[in-house]
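Protein sequence lines, in the order shown, are assigned to chains A and B.
Per UniProt numbering: the first sequence = residues 1 to 68.
Per UniProt numbering: the second sequence = residues 1 to 68.
All C-beta atoms, glycine included, are put in the ideal place defined by N, C-alpha and C.
To start, the structure under review is shown below, and the notes come after it.
Protein chains: 2
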Amino acid sequence: MKNCIRALRTARGLSQEALGEQLNVSRQTINAIEAGRYDPSLPLAFKLARFFALHIEDVFDDGEGAAS
Amino acid sequence: MKNCIRALRTARGLSQEALGEQLNVSRQTINAIEAGRYDPSLPLAFKLARFFALHIEDVFDDGEGAAS
DNA sequence: GATGAATGTAAAGTGTTCTTGACATTATCC
DNA sequence: GGATAATGTCAAGAACACTTTACATTCATC
C-alpha cells in the first residue's frame with residue numbers, strides 16, 4: 001500500500017519523531033509506514049488522515065483503482 | 001471503531017458468507033468486524049469501502065469527530 | 001419434527017502491527 | 001574534531017488481524 005505521508009510531513013516541517021508524538025506512536029512506526037514496510041492499522045490510518053485534514057483514500061493508495 | 005457494514009450488507013441482500021467471498025475473507029472475519037470485535041486491516045477497509053462505493057470514513061467511525 | 005440457510009462464537013495457529021532499546025549514518029553547528 | 005538532530009534499520013516481544021474447524025442457535029419450509 002503506497003502513501004504520501006513523507007511528503008505531507010516534510011511539507012509541514014515535522015520530524016518523524018514529532019509526528020509520532022502528535023499521534024502517540026513511535027518514530028519507528030512512522031518511519032516504517034513511510035518506507036512502506038507495513039501498513040498502519042485502521043485507527044492509525046484515521047489519525048494520520050485526520051492530522052493532515054485529508055481522506056484516508058487521499059493519503060493511502062492500495063492500487064486497486066477508484067481511490068477517491 | 002464503529003461501522004455500518006451490517007446495514008450496507010443487508011441492504012444489498014447479501015449474507016456474511018457472500019460478502020466474505022466477494023472480498024476474499026472468511027465469513028467469521030465479516031462477522032467479527034460487524035460485531036466490532038476487531039477492526040479490519042487497512043487493505044480490507046479499502047476493499048469494504050470500495051465494494052459499497054463509499055469513503056472509508058463513511059463506513060467506519062473511530063469516534064474522534066470530523067469523520068468526513 | 002427434520003432439513004437447510006444464516007448467524008454467533010470459541011480455540012488454536014499464522015502472519016502483521018507496534019513497542020522499546022540499540023546502533024549506524026549523515027548533516028549541521030560550534 | 002566533538003555535539004546535536006534527523007533518519008534508517010535491526011531484534012525481541014506484546015497485541016492484533018485473519019484463518020480453519022467446530023459446535024450452537026434461530027428461522028423458514030417441508
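F51(A) sits in a helix when the DSSP states are folded into three classes.
Check the Cα spacing between M1(A) and each of A53(A), L54(A), S41(A) and R50(A): the tightest is with S41(A). Using a CB distance below 7 Å, the part of the UniProt domain "HTH cro/C1-type" (5 to 59) of chain B facing chain A consists of D39, P40, S41, L42, P43, A45, F46, R50, H55, I56 and E57, ordered along the chain.
Rounded to whole angstroms, the separation of the alpha carbons of F46(B) and R12(B) is 18 Å. One Cα belongs to A18(B), the other to D61(B), and the distance between them is close to 24 Å.
Put simply, the backbone Cα of D39(A) is about 12 Å away from that of L48(A). For V59(B), the uninterrupted alpha helix (DSSP H) run begins and ends at I56 to V59, by DSSP. Per DSSP, the beta-bridge partners of N3(B) are F60(B).
Q28(A) counts as exposed, since fewer than 16 other beta carbons sit within 10 angstroms of its beta carbon.
Taking the Cα of R9(B) as reference, the smallest distance to any Cα among N24(B), H55(B), E34(B) and S26(B) is reached at E34(B). A residue is called buried when at least 16 other Cβ atoms come within 10 angstroms of its Cβ; R37(A) does not meet this threshold and is exposed. For N24(B), there is no enclosing alpha helix (DSSP H), as DSSP marks it with neither H nor E.
The criterion of a C-beta distance shorter than 8 Å is not satisfied by E57(B) and I5(A).
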